[in-house]
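Asker: Using the working numbering, the first residue of the sequence shown is number 22, and each one after it goes up by one.
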Amino acid sequence: MANNWDELLTDVLVEIAKRIRMSEDYVAFRGVCTSWRSAATKDNFMFRNCPVPLLMLQSRNDSHVLDFYNLTHGIVNQVSLSEPLTGKKCYSSKGCLIIIDQSLNVNLMHPFSNLQHKFPNMKTIEGGNLHPDSLLITKCVLSSNPLLEPDYMLMVIYGTRKLVYARPGDETWTVLSQDLSGYWDITYYEGQIYAASFYGRIKAYKVGEVNNSSKKEQVAKLPIKFPPHHPPMAYIVESARALLIVLRYIHYGHEVSSKFRTFEFVVFNLDLSTRTYTEVKDLDNRIIFLDQLSSFSSAHLPNCKPNSIYFTEKGVKDMGIYSLQDGSITFTSHVGHESSDPITPPMWIEL
Numbered sequence: 022m023a024n025n026w027d028e029l030l031t032d033v034l035v036e037i038a039k040r041i042r043m044s045e046d047y048v049a050f051r052g053v054c055t056s057w058r059s060a061a062t063k064d065n066f067m068f069r070n071c072p073v074p075l076l077m078l079q080s081r082n083d084s085h086v087l088d089f090y091n092l093t094h095g096i097v098n099q100v101s102l103s104e105p106l107t108g109k110k111c112y113s114s115k116g117c118l119i120i121i122d123q124s125l126n127v128n129l130m131h132p133f134s135n136l137q138h139k140f141p142n143m144k145t146i147e148g149g150n151l152h153p154d155s156l157l158i159t160k161c162v163l164s165s166n167p168l169l170e171p172d173y174m175l176m177v178i179y180g181t182r183k184l185v186y187a188r189p190g191d192e193t194w195t196v197l198s199q200d201l202s203g204y205w206d207i208t209y210y211e212g213q214i215y216a217a218s219f220y221g222r223i224k225a226y227k228v229g230e231v232n233n234s235s236k237k238e239q240v241a242k243l244p245i246k247f248p249p250h251h252p253p254m255a256y257i258v259e260s261a262r263a264l265l266i267v268l269r270y271i272h273y274g275h276e277v278s279s280k281f282r283t284f285e286f287v288v289f290n291l292d293l294s295t296r297t298y299t300e301v302k303d304l305d306n307r308i309i310f311l312d313q314l315s316s317f318s319s320a321h322l323p324n325c326k327p328n329s330i331y332f333t334e335k336g337v338k339d340m341g342i343y344s345l346q347d348g349s350i351t352f353t354s355h356v357g358h359e360s361s362d363p364i365t366p367p368m369w370i371e372l
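1. Three or more beta-carbon pairs under 8 Å between the segment 129-141 and the segment 188-196, yes or no?
2. Would you please state the rounded distance, in angstroms, between the beta carbons of M340 and P323? I believe it to be under 8 Å.
3. Is it buried or exposed for Q346, if we count other Cβ within 10 angstroms and need 16 for buried?
4. What are the start and end residues of each continuous beta strand (DSSP E) run of 3 or more residues lying completely inside the segment 246-275, in chain order?
5. Just checking my contact of S113 with S315 at CB under 8 Å: how many whole Å lie between their CB atoms?
6. For V231 and V86, I'd like the C-alpha separation in whole angstroms.
7. For Y173, does the count of other Cβ atoms within 10 angstroms reach 16, so buried, or fall short, so exposed?
8. Using the three-state DSSP reduction, which class does K110 fall into: helix, strand or coil?
9. Should G212 be labelled buried (16 or more other beta-carbon atoms within 10 Å of its own) or exposed?
10. Let me know if K302 comes out buried or exposed under the rule of 16 or more other beta-carbons within 10 Å of its beta-carbon.
11. Quick one: Cα of T159 to Cα of W205, how far?
12. What does a CB cutoff of less than 8 Å around K242 pick up in its chain, not counting 5 residues either side in sequence?
13. I'd like the list of long-range same chain contacts for E300, defined as Cβ closer than 6 Å, with 5 residues on each side in sequence excluded.
14. Using the three-state DSSP reduction, which class does V97 fall into: helix, strand or coil?
15. Taking the beta strand (DSSP E) that T299 falls in, what are its first and last residues?
16. With 16 as the cutoff for other CB atoms within 10 Å, does V33 come out buried or exposed?
17. From I350, Y210 and F352, pick the residue whose C-alpha is nearest to that of D292; which is it?
18. With a CB to CB cut of under 8 Å and the five nearest residues on each side skipped, what residues in its chain are close to V97?
19. Assuming F332 and L311 are in contact, meaning their beta carbons sit under 8 Å apart, how far apart are those beta carbons, in whole angstroms?
20. For D32, which of helix, strand or coil comes out of DSSP?
21. If I follow the unbroken beta strand (DSSP E) through M20, where does it start and stop?
22. Looking at the structure shown, is M340 part of a helix, part of a strand, or coil, going by DSSP?
23. Once DSSP output is grouped into helix, strand and coil, what is the label at T145?
24. Leaving out five residues before and five after V185 in sequence, what residues of the same chain have Cβ atoms less than 7 Å from its Cβ?
25. What are the uninterrupted segments assigned as beta strand (DSSP E) that are 3 or more residues long and contained completely in the segment 159-222, given in chain order?
26. Could you work out which residue in R188, K144 and L76 is closest to T353 when comparing CA atoms only?
27. How big is the Cα-Cα spacing for Y256 and R182?
28. Taking C-beta to C-beta, are S260 and S318 nearer than 8 Å?
29. Given a cut-off of 8 Å, decide if L268 and V258 are closer than it, judged by their beta-carbon atoms.
30. Which of the three DSSP states is assigned to H85 in this structure?
31. Grab me the residues of E104's own chain with a C-beta within less than 8 Å of its C-beta, minus the 5 sequence neighbours each way, in chain order.
32. Decide if L175 is buried, meaning its Cβ has at least 16 other Cβ atoms within 10 Å, or exposed.
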């Protein structure tokens, strides 16, 4: 019998890892030591396709603390930061936080492990000529979970019209594409980067390993007419190995500034083999989570409504649950306090 925990047999550790249901516990298991981390691979995590949604809020009392509301257990966990998020922008992808400061330094961290990584400064995009005030970063998306797959890339939409990416170890960002119509969302799916433009065009990019070369093609265009002004927000969501396009319709204008803005969602399934769309009325008991900065799906979650879309936006004025079955919306704050910080709005963490 092993005297130390790090001397447990590999077969025993693998069997333990396969029985872990919660992502938080799996992250903690991996952090014990090298042998435990080796056993806690992506393939051994049997529940990796059912991520646990955590709603991240900045603490009302301490800028060094983040509150994470666990939707399935109804509890709030707090995580202390080494530096406050004051004046910084925070994005979420694959369970990690991407933090960009006022000097455009980009840092990745996992809130429940010691994983940290520095990416190139965003100023390297324009050869050092980019001014911080001119940079609008709308999305930061990881191609995979860095805890489980070390070969990953960080993709960014900036200025609403440009796609860039970088891998760990890169010294500069690589410009992938520019689109005059602008982009809503990006994701990495089956070896390619997919981007949704403002007016319903879905484009695919194949990124090469040599010299970061890339190849672009237009996959399809959504079969609906987009209004010339204020088109619906578009999200790309992988769900049960399918690629979904989720359209979010929002009321615009000052007259609704103090009211709920979201009034409808429409979901399409994109068949990549035929490049056609089918409207989805039933998510097969799955749940979609989305906000301004992230989007993902999950299933088999206690205390969550299946076949629904859980959404949030800046503050709690536009936060609720949309039923895909009957189109109804239940507006809720999810938690007992608000987070009105415009820099770090409430957002879903895919853990």
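By construction, the Cβ of each residue, glycine as well, lies at the ideal position given by its N, Cα and C atoms.
Answerer: Per the coordinate set shown:
1. yes
2. Not really, about 20 Å apart at Cβ, beyond 8 Å.
3. The Cβ neighbour count for Q346, taken over all protein chains shown within 10 Å, is under 16; the residue is labelled exposed.
4. 254-260 and 263-271
5. 5 Å
6. Residue confidence is low: V231 scores 43 on pLDDT, short of 50, so the model does not pin down where it sits. No coordinate-derived value is stated.
7. buried
8. strand
9. exposed
10. Exposed, because fewer than 16 other Cβ atoms sit within 10 Å of the Cβ of K302.
11. 8 Å
12. G221, R222 and I223
13. F289
14. strand
15. T297 to V301
16. Taking all protein chains in view, the Cβ of V33 is surrounded by fewer than 16 other Cβ atoms within 10 Å, so the residue is classified as exposed.
17. Y210
18. D88, F89, Y90, N91 and V356.
19. 5 Å
20. helix
21. Missing from the structure shown is residue 20; the chain here goes from 22 to 372 and no further.
22. Coil at M340, not helix or strand.
23. helix
24. I146, V177, Y179, W194, T195, V196 and L197
25. 175-179, 183-187, 195-199, 204-210 and 213-218
26. L76
27. 16 Å
28. For S260 and S318, yes; Cβs fall inside 8 Å.
29. Going by beta carbons, V258 and L268 fall outside the 8 Å limit.
30. coil
31. The residues are H85.
32. buried
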